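Numbering (full-length UniProt numbering), first residue to last: 1 to 145.
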């Protein structure tokens, strides 16, 4: 009876048995992390598609090659402030992270979309000078009340 009904009212084509139980669809790989910068120094990394849960902010202890930082969950990021393309302020419940550098507009936009996975301060002891016109994070400061 369904064949008569489908013939009369234009039923939808059904997948064949081979289509239903045949080969599996390949699993899509998780999105790969990308980083900004042409040289070895990468000021920040991001997920090209998708939303991250946390961001690692890394700075250098003055005059050393020892890194320190914080990793915050995006759910605690209350507000993003900025001054031009040179300064970004991340307002968290217990501190304010002040990021200073050049060409930081893309970083700010990606932070607002929760795509940034890490932010790294430039250290001339570790990396060569990045080319002109590329984003660079010159300083990261944690301000606590």
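Note that beta-carbon positions come from the ideal geometry of N, C-alpha and C, so glycine has one too. Note that the structure is a prediction, hence the values are computed from the model and not measured.
By the neighbour-count criterion, in which a residue is buried when 16 or more other Cβ atoms sit within 10 angstroms of its Cβ, residue 17 is exposed. In the three-state reduction of the DSSP assignment, residue 4 falls in the helix class, which pools H, G and I. Fewer than three pairs of CB atoms, one per stretch, sit closer than 8 Å, so the segment 121–134 makes no contact with the segment 76–87. Fully enclosed alpha helix (DSSP H) runs of no fewer than 4 residues occupy 105–112 of the segment 73–121, in order along the chain.
Boundaries of the beta strand (DSSP E) around residue 59: 54–60. Residue burial is scored here from C-beta neighbours: residue 76 has fewer than 16 other C-beta atoms within 10 angstroms and is therefore classed as exposed.
Of all alpha-carbon atoms in 101, 73 and 103, the one lying nearest the alpha-carbon of residue 91 is that of 73. Bounds of the beta strand (DSSP E) holding residue 137 are 136–143. By the criterion of a C-beta distance shorter than 6 Å, residue 78 is surrounded in its chain by 91, once the five residues flanking it on both sides are discounted. As DSSP reads the structure, residue 132 sits in no beta bridge.
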